[in-house]
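Peer 1: For reference, the structure I am asking about is given below.
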Amino acid sequence: MISQRQKCVKITDRRVRLTTEVLQGIRLIKAYGWEAFYAHHITNLREQEISRIKKSSIAAALLISTFYFLPVIANVIAFITYGLTGHQLTIAKIFTALQLFNAMRVPLLLFPLVLSSLADAMVAFQRICSFLTAEELAETYVIDPSQPQALYVDGDFEWETTLKLQATSEEADIPAAEKLRKEAEKKAAEKKAEKQKKKEAKLKAKSKQLDDKNPDAADNGAGEGLPSTADDVAQDKDAKEDEKPFALEDLHLDVKKGAFVAIVGRVGSGKSSILQAVIGEMRRTRGKVVFNDRMAYFPQSPWIKNATVRENILFGQAYDEKRFHEVIHACGLEHDLQVLSHGENTEIGEKGINLSGGQKARISLARAAYSTAEIVLLDDPLSAVDAHVGKHVLENCFLQGPLANRTRILVTHSLHILDKTDYIYVMDNGKIVEEGTYTDLCSGGAAFSRLIEEHGHVESGTQSSSAKVSKNLQVIKKNDSTTATALMEDEERNVGAVTWDVYKKYLRNAGGLIWAPILLVLLVLVEGNNVFTTLFLGFWSGQTIHGFTQGQYMGVYGGLGAALSVSTFLLTYAFMVAGLVASLSLYRGALAGVLNSRVSFFDTTPIGRILSRLSKDQDTIDSTLPHIIMQFLVTFFSVIGTVGLVFYTFPYLGIIFLPLAVLYYGASIYYRRSSVETKRLDSLMRSILYGSYTETLTGLPTIRAYGMQTRSIKDAEHGLNMENRAYLMTVLSQRWLALRLEFFANALVLGIGLFGAGFRNTVNPAKISVVLSYTLGATQIFSEMISLFAQSEQNMNAVERILHYVELLPEESDSDAPIEAPKSWPTKGSISVQDLKLAYREGLPIVLKGISFDVKAGEKVGIVGRTGSGKSSIIQALLRMVEAQGGKIEIDGVDISTVGLHTLRTSIAFVPQDTTLFLGTLRDNLDPEKLRTDAELISILQQAWLLPKEGPIDPAVEAKFSLDSTVGDEGSNYSAGEKQLLALCRALVKKSRIIILDEATSSVDVETDSKIQKTIQAEFADSTLLCIAHRLNTIVHYDRILVMDDGKVAEFDSVLTLFDRPDSLFRSLCNEAQLTRADITKLRAEHASH
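Residues 1 to 1090 (UniProt numbering) make up the sequence shown, in order.
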């Protein structure tokens, strides 16, 4: 059982991890129409899990049936021994002995459950031990206030290899990933062995040459320890690089206090890794990292808590109104807070799900600015914001304002701001290749000069835009006193007893008509066997069966005991199998309900809540519920059998059941009112706890960098204590019931005993002993039945919670669509938006206010506008992530509201700003549905400039971007820029007629961006392209520009036409980016020439 449980837990871990990844990336999965694909993989793991549980169920059933048989065996041995020794069995002796042996029944029945719980505890203990003995972060950095520099770094750093990380956290979640990983390891081992053979061959050749020159040397060992040739060294290096993770070598930083330092380089050069290294997230293999003060950290992917805007910015610090609003202004958040329904008290969903990328970035930046840390590490904060907002942040936050006098270390692709920095480090392939001031590097830095030359025309300039962005603080303060409005809906929680409808649905999922008669027959068989065994003892004691010898009586009694054991085994195994059938059916329904639910469900439901139901509640349905229900029904039938047997044997004794029934019924009714509620409260608190853990694990680098570990641990302990309080109430309520039932039973036994003592002269003592014996047995079995019924109802709460997800309102499916889209739709890619109105949920403001525009087939359209203008809402409407409140969208003349969601979304290729990668192989991430061959996928990686199109491939690049490369958790082994390029690869895999790009290259360097734009132009030449962009130079060569403003179409025309209008919004955006008409003409000509 322990072995099977260990194997089962590993599969459960893989299932829960994959489920977590799917829930975190649900928007992308829906946009690509991958729900069915990932549901299949999760269900496949679930089926493997059920298979393991079935195997352990056989052992559990054998164990339970054995312990059921033990009292019978004890009876057989005792009565046979008693008969063989010449004693006469009497009714009084038989029933007294039966009650004594039956007293063993409950402990023996509980013993298998104890063993099962012990197996679970041992597995849990081993897992906790593995976690507690795992390698911990060593001293990652030192804070030395006496150090003159703000930051001094001298050392080597490396990431953990993906395979090592994966081994630590079990296997990959996608079933094929493990096989692919092993194949990759095998290929690497073969390659290494081949190189080793070549090396040995060269060594032998070298040795032979020396032997020819000096024959005696061979005998004297002169050939040993030969120096390696240049080729040998190269081969050794190649072999090591095959296994070596990305590393920062000879990293040396010497940052002065108060300096503004920039780190630049191409995508994947190691810029973000420098910041990860100094905060301790990379392994330091040599050297030291010393700060002279505390630090604040802005990660490339901002970590946003499920809390209010204010709580996210304060991050545990005291609220200072003046400083808070200075930070809000500096980070350009005033307009955003005005738009948000409750200003700074607006609740933000998990991972900032209800915010734009730019808003998440600026709230994370505001957290760093509000902190009192003297050193601020900023990982590309300007890529996620518009040019004018970026300029405002630069001028009012970095150069002036809250960060002006602090030490700022900025990773950036915005090279136009470098002339405002004090010092610059240029990265390439994990090394600092150049460093110096802007002037020095411009005059003498080859690598830096190439970057500047490639940079070309970008959003730059020194015009102050603060006047345009700044709003009156009074506008924001109007919401300060407003209480925070909960975005996350409270978890639904039924009140009162579990309804019979829940039991019926559970039975229906177990097979209903199939299993119900089977289980009923087995229950009758077990209890009938039990009753007949007792009656047979009466026949034996009275020798009422004519012609039966003593040996025959013994043989029949032993056979009845064996039959009871077999029937108990069949009943136990049947209950377990039926329970697992119900569990798998409910899980499939719940998973489908979650994955097919509307996007708004994920906006208002924490992931921890969903995981709690699909893991802990599911485990209860797997293991605990079938056992409890079986024991209750067995006990219930046993009560019926006992009552029937008493009336058959001593009819007048039936009166003892009347007070028992009244007392027990009263206690159970009173108990049920609270027991189910405490169990529901326990489940509710556990969901909150799971959500807190998930959120904390996601934000560990930020938490560590801010030194908030102690606070996070206290928060976790508080959540655990709250959950334990609810669980303790559940256990105490069970003890309350058990105590009262025991009291009623003992009071009744005492009364009968006193009655017998008082009337000992008039009542036959033998009859009193029989009555006492039956009373003891009856009270025990009644108590057991009431307790088991209460536990069954408590555990049915898990079914109740799972059924809620089974019955979630789904999005529209293809089968519900009023019409079928034409075959190969869309064939052209024309888009017509007519009077479109959109609100994200009922009661929220309209974000698209009756917009209309047409896009011709094959046309390339750039979409621009300030934050909150409605750009991303157009994409949400096109993909039907949110259903329109009014108006319609037509693609090739077909109203998309009449097309099935899967058909619509698989017909559109979407590249989001925040890319989600899943644990597994690169192949699985690019093409999970296996639409393309390996050769085609490699070609696509080349088109995205992740692999060279010709010439030798760098071993490090090959290891990272081969199709069998392992992708870590959330793509942790890839930079943000590399993730965006991989997302573009997904679009190239689909090659749809309509392509949507949402800031698809915001995190890549300008040279790579330029190459990608050429790829997009070539590969999507015949496709309709909609592109949201902050970098205007990436879209000025498009056919037309759509300018959004406050949820309306402000402008929609060709680039030059809009630019030539002095009062156009597009012209103002170009002015802020310092793009002239000559620049636009030149860029358009360059793209036209390709």
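Even for Gly, the Cβ is constructed at its ideal location relative to N, Cα and C. In this text, all values refer to a predicted model and were calculated from it rather than measured experimentally.
Going by the CB atoms, is the gap between HIS388 and GLU812 shorter than 7 Å?
Peer 2: Position 812 of the sequence shown, counting from 1, holds the residue named residue 812. Position 388 of the sequence shown, counting from 1, holds the residue named residue 388. Going by C-beta atoms, GLU812 is not nearer than 7 Å to HIS388.
Peer 1: Can you tell me where the alpha helix (DSSP H) with SER364 in it begins and where it stops?
Peer 2: Taking the sequence shown and counting its residues from 1, one reaches residue 364 at position 364. Unbroken alpha helix (DSSP H) run through SER364: 357–370.
Peer 1: Considering just the uninterrupted stretch of the beta strand (DSSP E) at MET282, what are its terminal residues?
Peer 2: Taking the sequence shown and counting its residues from 1, the one referred to as residue 282 is at position 282. Counting along the chain, MET282 falls outside any beta strand (DSSP E), and DSSP gives it neither H nor E.
Peer 1: Give me the Cβ distance between LEU378 and ILE424, rounded to the nearest whole Å; I'm assuming they're in contact under 8 Å.
Peer 2: On the sequence shown, position 378 is the one that residue 378 refers to. On the sequence shown, position 424 is the one that residue 424 refers to. 14 Å between Cβ atoms; not a contact.
Peer 1: Return the CA-CA distance between THR544 and VAL646, expressed in angstroms with no decimal places.
Peer 2: Residue numbering aside, residue 544 sits at position 544 when the sequence shown is read from its first letter. Residue numbering aside, residue 646 sits at position 646 when the sequence shown is read from its first letter. If I take the Cα positions, the gap works out to 19 Å.
Peer 1: Report all residues from its chain with a CB closer than 6 Å to the CB of ARG1084; omit the five preceding and five following residues, and keep chain order.
Peer 2: Within the sequence shown, numbered from 1, the residue matching residue 1084 stands at position 1084. Counting only Cβ-Cβ distances below 6 Å, and skipping sequence neighbours, we find HIS1037.
Peer 1: State the Cα-Cα distance for the pair SER449 and HIS40, rounded to the nearest angstrom.
Peer 2: In the sequence shown, the residue the question calls residue 449 occupies position 449. In the sequence shown, the residue the question calls residue 40 occupies position 40. The straight-line gap from Cα to Cα measures roughly 51 Å.
Peer 1: Starting from ALA909 and walking both ways along the beta strand (DSSP E), at which residues does that stretch end?
Peer 2: The residue you call residue 909 lines up with position 909 of the sequence shown. That run of the beta strand (DSSP E) goes 908–911.
Peer 1: To the nearest angstrom, report how far apart LYS949 and ASP924 are at their CA atoms.
Peer 2: Locating residue 949 in the sequence shown gives position 949, where the first residue counts as 1. Locating residue 924 in the sequence shown gives position 924, where the first residue counts as 1. Roughly 22 Å separates the two Cα atoms.
Peer 1: By Cβ distance, which residues of its chain are closer than 8 Å to LEU248, with the 5 residues on each side in sequence left out?
Peer 2: Walking along the sequence shown from the start, residue 248 turns up at place 248. Once the five neighbours on either side are set aside, the close Cβ partners of LEU248 are ASP156, PHE157, GLU158, GLY270, SER273, ILE274, ALA277, MET282, GLY430, LYS431.
Peer 1: If you drop the 5 nearest sequence neighbours on each side, which residues of the same chain put their C-beta closer than 7 Å to that of PRO845?
Peer 2: Taking the sequence shown and counting its residues from 1, the one referred to as residue 845 is at position 845. Correct list, in chain order: ALA839.
Peer 1: Roughly how many whole angstroms lie between the Cα atoms of LEU62 and SER567?
Peer 2: Residue numbering aside, residue 62 sits at position 62 when the sequence shown is read from its first letter. Residue numbering aside, residue 567 sits at position 567 when the sequence shown is read from its first letter. Those two C-alpha atoms are separated by around 11 Å.
Peer 1: When you compare only the Cα positions, how much space is there between PHE759 and ALA78?
Peer 2: In the sequence shown, the residue the question calls residue 759 occupies position 759. In the sequence shown, the residue the question calls residue 78 occupies position 78. Each residue's alpha carbon lies about 33 Å from the other.
Peer 1: Among ILE143, VAL267, LYS322, which residue has its Cα nearest to the Cα of MET295?
Peer 2: Taking the first residue of the sequence shown as position 1, residue 295 is located at position 295. Out of ILE143, VAL267, LYS322, ILE143 has the C-alpha closest to the C-alpha of MET295.
Peer 1: Report the residue from LYS823, ALA366, ALA368, LEU984 whose alpha carbon sits nearest the alpha carbon of SER907.
Peer 2: Residue 907 sits at position 907 when you count from the first residue of the sequence shown. Considering only alpha carbons, the answer is LYS823.
Peer 1: If the criterion is Cβ atoms closer than 7 Å, does the pair residue 1144 and TYR587 meet it?
Peer 2: With the chain covering only 1 through 1090, there is no way to say anything about residue 1144.
Peer 1: Taking 7 Å as the cut-off, decide whether the C-beta atoms of LEU963 and LEU922 are in contact.
Peer 2: Taking the first residue of the sequence shown as 1, we reach residue 963 at position 963. Taking the first residue of the sequence shown as 1, we reach residue 922 at position 922. In contact: LEU963 and LEU922 (Cβ atoms closer than 7 Å).
Peer 1: In terms of alpha-carbon separation, which member of ALA790, TYR141, ILE29 lies closest to PHE636?
Peer 2: The residue labelled residue 636 in the question sits at position 636 within the sequence shown. Ranking the options by Cα distance to PHE636, first place goes to ALA790.
Peer 1: Across the stretch 516–533 and the stretch 568–578, are there enough close Cβ pairs to call them in contact, namely three or more that are closer than 8 Å?
Peer 2: Yes, since at least three Cβ pairs between the stretch 516–533 and the stretch 568–578 fall closer than 8 Å, the two stretches touch.
Peer 1: Please determine, among PHE743, LEU100, CYS8, ARG1077, the residue with the shortest C-alpha to C-alpha distance to ARG127.
Peer 2: Counting from 1 along the sequence shown, the entry for residue 127 is found at position 127. Out of PHE743, LEU100, CYS8, ARG1077, CYS8 has the C-alpha closest to the C-alpha of ARG127.
Peer 1: In three-state DSSP terms, what is LYS237?
Peer 2: Indexing the sequence shown from 1 puts residue 237 at position 237. Below a pLDDT of 50, predicted positions are generally treated as unreliable, and LYS237, at 40, falls in that range; no measurement from the model is reported.
Peer 1: Apart from the five residues just before and just after GLN885, which ones in its own chain have a Cβ nearer than 8 Å to its Cβ?
Peer 2: The count along the sequence shown starts at 1 and reaches residue 885 at position 885. Here the set comprises LYS837, LEU838, ALA839, ILE846.
Peer 1: Within the same chain, show all residues whose beta-carbon is closer than 7 Å to that of GLY285, passing over the 5 residues directly before and after it, in chain order.
Peer 2: Looking up residue 285 in the sequence shown gives position 285. Residue 285 is actually Thr in this sequence, not Gly. Hits under 7 Å: ASP156, PHE157, GLU158.
Peer 1: Could you give the residue range of the alpha helix (DSSP H) that holds GLN834?
Peer 2: As a working mapping, residue 834 is identified with position 834 in the sequence shown. Counting along the chain, GLN834 falls outside any alpha helix (DSSP H), though it belongs to the beta strand (DSSP E) covering 831–838.
Peer 1: Please report the distance separating the alpha-carbon of VAL475 from that of LEU1026.
Peer 2: As a first step, residue 475 must be located in the sequence shown, where it is residue number 475. As a first step, residue 1026 must be located in the sequence shown, where it is residue number 1026. For VAL475, the pLDDT reaches just 37, beneath the cut-off of 50, and the residue's location in the model is therefore unreliable, although a value from the coordinates is still provided. Going from the Cα of VAL475 to the Cα of LEU1026 covers about 35 Å.
Peer 1: I'd like the span of the alpha helix (DSSP H) that includes CYS1070, first residue to last.
Peer 2: To locate residue 1070, count along the sequence shown from 1; it is residue 1070. Segment 1065–1072, the alpha helix (DSSP H) holding CYS1070.
Peer 1: Nearest to LEU988 by alpha carbon, out of ALA944, PRO952, THR1024, SER965?
Peer 2: Residue 988 sits at position 988 when you count from the first residue of the sequence shown. Ranking the options by Cα distance to LEU988, first place goes to ALA944.
Peer 1: Enumerate, from N- to C-terminal direction, the unbroken beta strand (DSSP E) stretches of 3 or more residues contained entirely within the stretch 837–863.
Peer 2: Entirely contained in the stretch 837–863, the beta strand (DSSP E) runs reaching 3 residues are, in chain order, 848–855.
Peer 1: Which whole-angstrom value describes the C-beta separation of ALA726 and THR678, a residue pair presumed to lie in contact below a C-beta threshold of 8 Å?
Peer 2: For the purposes of this step, residue 726 is taken as the residue at position 726 of the sequence shown. For the purposes of this step, residue 678 is taken as the residue at position 678 of the sequence shown. That pair is a contact at about 6 Å.
Peer 1: Which residues bound the alpha helix (DSSP H) around ASP715?
Peer 2: By 1-based counting over the sequence shown, the position of residue 715 is 715. Taken as a continuous stretch (DSSP letters only), the alpha helix (DSSP H) holding ASP715 covers 709–758.
Peer 1: For ALA97, collect the residues of the same chain with a Cβ closer than 6 Å to its Cβ; drop the 5 residues on either side in sequence, then sort them by chain order.
Peer 2: Reading the sequence shown from its first residue, position 97 is the one you call residue 97. There are no such residues.
Peer 1: Under the three-state reduction of DSSP, which class applies to ASP1039: helix, strand or coil?
Peer 2: As a working mapping, residue 1039 is identified with position 1039 in the sequence shown. ASP1039: coil per DSSP, three-state reduction.
Peer 1: Across the stretch 1011–1019 and the stretch 1056–1076, are there enough close Cβ pairs to call them in contact, namely three or more that are closer than 8 Å?
Peer 2: No, the stretch 1011–1019 does not touch the stretch 1056–1076.
Peer 1: Could you compute how far the alpha carbon of LYS860 sits from the alpha carbon of ARG1040?
Peer 2: Position 860 of the sequence shown, counted from the start, is the residue given in the question as residue 860. Position 1040 of the sequence shown, counted from the start, is the residue given in the question as residue 1040. For LYS860 and ARG1040, the distance between alpha carbons rounds to 7 Å.
Peer 1: Span of the beta strand (DSSP E) holding GLY886?
Peer 2: Here the question's residue 886 lines up with position 886 in the sequence shown. 886–891 is the span of the beta strand (DSSP E), which, as asked, contains GLY886.
Peer 1: Under 6 Å Cβ to Cβ from VAL290, same chain only, skipping five residues before and after it: list those, please.
Peer 2: On the sequence shown, position 290 is the one that residue 290 refers to. Here the set comprises VAL142, ASP144, GLN147, TYR152.
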